[in-house]
Amino acid sequence: MKVVKQMVPLLAAIIILLLLFRIWVPSFLTPENMLNLTQQISVNTILALGMTLVILVGGIDLSVGAMVALVGTTTVYCLTALSGDTQDPFMLLTAILAGLGVASLFGIFHGIAAAKTAMPPFIITLASMLIARGCALRFNSGLPMPIKDEQTWFLAIGNGRLFDVVPYPVVIMLSLFLLMALLLHRTRFGQHVYALGGNREAALYTGIPIVRVEITVYLLCSLMAGVAGMIHTSQLYSAEPGSGEMFELTAIAAVVVGGTSFTGGRGTMFGTMLGAVIIGILDKGLNQAGVHYSLQYIVKGAVILVAVYLDVRRNR
Amino acid sequence: MNKALRFLISSSLLLLFVPLLGGCNDSSAPGTGSDPAQAEGNTAPPGRLFGASFQTLNNPFFVDLGNGLQKELAAHGDELIILDAQFNSLKQKNDLSDLILKDVAGIFVNPVNWEGLKGSLLEAQRKNVPIIIVDAPVKESDEELIVCTVASDNVRAGQLAAEALAKVNPKAKLVVLHLSVNKACIDRVAGFKETLQNYPEMEILDVQEAKGTTEGARPVMRDLIGRYPDLNAVFAINDPNALGVISALDSANKLDDVTIVTVDGSQAGIKAIQAGKLHSTSAQFPKEIGKIAAEKMLAHLNGEPVEKDVKVRVELITAENAEQHLEAD
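Just so you know, the protein sequences line up as chains A and B, in that order.
Following this note's numbering, the numbering of the first sequence begins with 1 at its first residue and continues without gaps.
Following this note's numbering, the numbering of the second sequence begins with 1001 at its first residue and continues without gaps.
What follows is the structure in structure tokens.
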């Protein structure tokens, strides 16, 4: 019940925003526009779900944006090299596993480095952000790599719809949300995550396997970035080595607007989901209301400030 | 009491945005300038709404292009929303679907990734929203999904730059600063290299990526000066790039030894020519591109046929004709 109470201000904010934009954009609340909203927030939400875990243990992962690009280029490279002009479910799976495999390597490295060394996660992931971006740019001399039209299955990940209604990115986002929420709120691992973020020393003395938990957390975050990368790449019909810049910051914004404490130990997956929805509504609403692009920056910045201020205030 | 207070504070703070949003909605919704045409538009009966999505608005070229579009549309009583994709293809895709779902009468797109636009084009086609591509082309296989492309004759712009350089420095040892994700820039460099074949004594020492921005060009140029001591000319693919080159050469005290040619014709570029820092720029006419694109859109909506590939003139600006291209502030 406590969790539900904490969500009241966020839900209220969402309803108010929706009603506000309904005033300026009469078609704003149509089912189609709302469905489109959920599709637009899917990449950011998936990134934010992973980021929530990392921030809960008191860390940060700046590399997720670059990871989106690297996973995209790796997957498309393998897909093109393996299957050429034909489709083969086995080759598609191999290409996707190659992409996710690269992401896992980075994630495991982040976890080990964060748990076993005194290097701050900010610096570790800043470094691997650059490394991952560089690796992505190694493909095709840094130019976008188009996906062949024949690869209809891979293109369906980002552009297809389940039963011709719900876009696949939304299906993937909701499944991952359920999975992560169960993991965080209903398992021992979840308890360990909160314990680790709340008080590291205490967690160590109560016998929590700190290293294993931390590695798992960073691994999950990178894997989420991997999935987001697949969707992103599929949606763009090409892998762009330069894409995903600043994605980490939008994901962090969703996490903190959703009420997760930046110092760790407090926050929920549901909050993050709502945070991502708020940022998505703002993006879409301001666009459709015809607000000048310069003011969009200002409004978004102000909303983040207000949301986090209120959150900090009530938890003082 | 705590909960109620929280709720009140959060809702009232959010409500504070109402006048702010409302205010900007009236005054600047359609874009960038405050032309008189727009004020007149307010008294005219409400017209159609159009949308535009540019890869960046951090370049005067696109601000001018947007103004050209808006002025022509406003003259017909229509309105325009301009969105900034910030070089982010995903944002551009989302922006475009927002415009499509808002039922705009037509959309002008300047693609971030000229090969990655297909999803948005298909979505627009399903909703019968016509799309005109401005400034840079899209993949040939996507051309059936658009009304037409309106862009500068970029190959010609590259040729003009090469001819201008050959005139003052026929034995130039030069470097090219490229933005190779952009088709317009690819065409400029292709035109440049094509003309260079007529001048066998000119030599390209290196081609480097410089992001098409001033900040991007400066460090790249500094490196190149160090690596090629006999370098004496530069072809930069746009004015912002050329300004970065000028700044790098200036700080190395080498500006007098190097001839710089570029493509753009921005006011900053023309001023650099007058100051003797830049040799020439093959001027594009962004306002004209905008105006023509708007005309083609309106013609298409009236059911008139429109040619697929519309090329807008380019013109060489050097110290001789710089004055006449300088706009009064």
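Note that the Cβ used here is the ideal one computed from N, Cα and C, for glycine as well.
None of these values were measured; they are calculated from a predicted model.
Original post:
When the distance is taken between beta carbons, is B:Leu1073 closer than 8 Å to B:Phe1087?
Top reply: Start at 1 with the first residue of the second sequence, and residue 1087 of chain B comes out as number 87. Start at 1 with the first residue of the second sequence, and residue 1073 of chain B comes out as number 73. For B:Phe1087 and B:Leu1073, no; Cβs fall outside 8 Å.
Subject >> Which residues DSSP lists as bridging B:Asp1256, in chain order >> reply: Translated into the one-based positions of the second sequence, residue 1256 of chain B becomes position 256. DSSP output for B:Asp1256 lists no bridge partner at all.
Original post:
Can you pull the DSSP bridge partners for B:Gln1208?
Top reply: Your numbering for residue 1208 of chain B matches position 208 in the second sequence. B:Leu1177.
**OP:** Could you pull out every unbroken beta strand (DSSP E) segment of at least 3 residues lying fully inside the segment 1088-1145 of chain B, listed in chain order?
**Re:** 1106-1109 and 1131-1134
**OP:** Drop a sphere of 10 angstroms on the beta-carbon of A:Val255, count the other beta-carbons inside from all chains shown, and report buried for 16 or more, exposed for fewer.
**Re:** Here residue 255 of chain A is taken as the residue at index 255 of the first sequence, counted from 1. Label assigned to A:Val255: buried.
Original post:
Are the beta-carbon atoms of A:Ser234 and A:Leu155 separated by less than 8 Å?
Top reply: The residue labelled residue 234 of chain A in the question sits at position 234 within the first sequence. The residue labelled residue 155 of chain A in the question sits at position 155 within the first sequence. Against a cut-off of 8 Å, the Cβ pair of A:Leu155 and A:Ser234 comes out as a contact.
Original post:
To the nearest whole angstrom, what separates the beta carbons of B:Leu1122 and B:Val1138, a pair I think is in contact under 8 Å?
Top reply: For this step, residue 1122 of chain B is matched to residue 122 along the second sequence. For this step, residue 1138 of chain B is matched to residue 138 along the second sequence. That pair is no contact at about 12 Å.
Original post:
Apart from the five residues just before and just after A:Arg133, which ones in its own chain have a Cβ nearer than 6 Å to its Cβ?
Top reply: Mapped onto the first sequence, residue 133 of chain A falls at position 133. The residues are Ala66.
**OP:** Below 7 Å CB to CB, which residues in the same chain sit around B:Asn1042 once its five sequence neighbours on both sides are set aside?
**Re:** Mapped onto the second sequence, residue 1042 of chain B falls at position 42. Only weak support is given to the placement of B:Asn1042: the predicted model assigns it a pLDDT of 42, under 50, and the question is left unresolved by the model.
Original post:
Alpha carbon to alpha carbon, how far is A:Ile278 from B:Pro1229?
Top reply: Sequence index remark: in the first sequence, residue 278 of chain A carries index 278 (1-based). Sequence index remark: in the second sequence, residue 1229 of chain B carries index 229 (1-based). Going by the C-alpha atoms only, they are around 55 Å apart.
**OP:** Output, in sequence order along the chain, the residues in the segment 1173-1186 of chain B whose CB is closer than 9 Å to any CB in chain A.
**Re:** Ser1180 and Val1181
Subject >> Alpha-carbon to alpha-carbon, B:Cys1148 and B:Lys1308 >> reply: Translated into positions along the second sequence, residue 1308 of chain B becomes position 308. Translated into positions along the second sequence, residue 1148 of chain B becomes position 148. So the alpha carbons of these two residues sit roughly 4 Å apart.
Original post:
Mind listing which residues of the segment 1049-1078 of chain B have their C-beta closer than 7 Å to chain A's C-betas, in chain order?
Top reply: Leu1057
Original post:
In terms of alpha-carbon separation, which member of B:Lys1271, B:Tyr1199, B:Gly1216 and B:Leu1174 lies closest to B:Glu1320?
Top reply: Start at 1 with the first residue of the second sequence, and residue 1320 of chain B comes out as number 320. Ranking the options by Cα distance to B:Glu1320, first place goes to B:Lys1271.
Subject >> Range covered by the alpha helix (DSSP H) that runs through B:Glu1327 >> reply: If you number the second sequence from 1, residue 1327 of chain B lands on position 327. It is not in any alpha helix (DSSP H) - B:Glu1327 carries neither H nor E in the DSSP assignment.
Original post:
Mind pulling the chain A residues with CB within less than 7 Å of B:Glu1115?
Top reply: Mapped onto the second sequence, residue 1115 of chain B falls at position 115. Those within 7 Å of B:Glu1115 in chain A are Pro144, Pro146 and Ser238.
Original post:
The alpha helix (DSSP H) spanning A:Pro305 covers which residue range?
Top reply: Reading the first sequence from its first residue, position 305 is the one you call residue 305 of chain A. Per the sequence presented here, residue 305 of chain A reads as Leu, with Pro not at that position. Where A:Leu305 is concerned, the enclosing alpha helix (DSSP H) stretches over Tyr293 to Arg314.
**OP:** Inspect the beta-carbon positions of A:Phe319 and A:Ile60 and report whether they are closer than 8 Å.
**Re:** Residue numbering for chain A in the displayed model covers 1 to 316; residue 319 of chain A lies beyond these limits and cannot be assessed.
**OP:** May I ask you to report which of helix, strand or coil DSSP gives B:Phe1050?
**Re:** The sequence position of residue 1050 of chain B within the second sequence is 50, counting from 1. B:Phe1050: strand per DSSP, three-state reduction.
**OP:** Could you tell me which residues DSSP pairs with B:Lys1171 in its beta bridges?
**Re:** By one-based count along the second sequence, residue 1171 of chain B stands at place 171. According to DSSP, B:Lys1171 bridges with nothing at all.
**OP:** In the DSSP assignment, find the unbroken beta strand (DSSP E) run with B:Asp1309 in it and report its ends.
**Re:** Translated into positions along the second sequence, residue 1309 of chain B becomes position 309. Start and end: Asp1309 to Val1312.
Original post:
Out of A:Leu47, A:Ser27, A:Val291 and A:Ser238, which has the shortest C-alpha to C-alpha gap to A:Met246?
Top reply: One-based indexing of the first sequence puts residue 246 of chain A at position 246. The residue with the shortest Cα to Cα distance from A:Met246 is A:Leu47.
**OP:** Check whether the Cβ atoms of A:Gly58 and A:Ser222 lie closer than 8 Å to each other.
**Re:** Sequence index remark: in the first sequence, residue 58 of chain A carries index 58 (1-based). Sequence index remark: in the first sequence, residue 222 of chain A carries index 222 (1-based). No; because the gap between Cβ atoms is not below 8 Å, this pair is not in contact.
Original post:
Skipping 5 residues on each side, what residues in its chain have a beta carbon closer than 6 Å to that of A:Ile91?
Top reply: On the first sequence, position 91 is the one that residue 91 of chain A refers to. Just to set this straight, residue 91 of chain A is Met in the shown sequence, not Ile. These residues qualify, in order along the chain: Leu82 and Ser83.
Original post:
Which residues mark the beginning and the end of the alpha helix (DSSP H) in which A:Thr45 is found?
Top reply: If you number the first sequence from 1, residue 45 of chain A lands on position 45. Start and end: Pro31 to Leu56.
Subject >> Residue closest to A:His185, alpha-carbon to alpha-carbon, out of A:Leu130, A:Gly226, A:Phe270 and A:Pro209 >> reply: Looking up residue 185 of chain A in the first sequence gives position 185. Checking every option, the nearest Cα to that of A:His185 belongs to A:Phe270.
Original post:
So what's A:Thr117 in DSSP terms, helix, strand or just coil?
Top reply: Here residue 117 of chain A refers to the residue found at position 117 when the first sequence is read from its first residue. Three-state result, A:Thr117: coil.
Original post:
By a C-beta neighbour count over all protein chains shown, 10 Å radius and 16 as the cutoff for buried, is A:Pro241 buried or exposed?
Top reply: Counted from its first residue, the first sequence places residue 241 of chain A at position 241. So A:Pro241 counts as buried.
**OP:** At 8 Å on the CB atoms, spell out the chain B contacts of A:Tyr293, in chain order.
**Re:** For this step, residue 293 of chain A is matched to residue 293 along the first sequence. Near A:Tyr293 (Cβ distances below 8 Å), the residues of chain B are Leu1057, Ile1082, Leu1083 and Asp1084.
**OP:** Could you have a look at B:Ser1027 and say whether DSSP puts it in helix, strand or coil?
**Re:** Locating residue 1027 of chain B in the second sequence gives position 27, where the first residue counts as 1. Because the pLDDT of B:Ser1027 is 37, which lies under 50, any placement of that residue in the model is unreliable, and the number read from its coordinates should be weighed accordingly. Here B:Ser1027 sits in helix by DSSP.
Subject >> Option in A:Arg313, A:Leu126 and A:Ala113 with minimal Cα separation from A:Val217 >> reply: Along the first sequence, read from residue 1 onward, the residue named residue 217 of chain A stands at position 217. Considering only alpha carbons, the answer is A:Ala113.
**OP:** Using a Cβ cut-off of 7 Å, pull out every chain B residue sitting near A:Glu248, in sequence order please.
**Re:** Here residue 248 of chain A refers to the residue found at position 248 of the first sequence. Simply none; closest approach about 13 Å.
Original post:
Is A:Ser234 helix, strand or coil by DSSP?
Top reply: Here the question's residue 234 of chain A lines up with position 234 in the first sequence. In the structure shown, A:Ser234 sits in a helix (DSSP, three-state: H, G or I).
**OP:** Using a Cβ-Cβ cut-off of 8 Å, state whether B:Asn1110 counts as contacting chain A.
**Re:** For the purposes of this step, residue 1110 of chain B is taken as the residue at position 110 of the second sequence. Closer than 8 Å: no.
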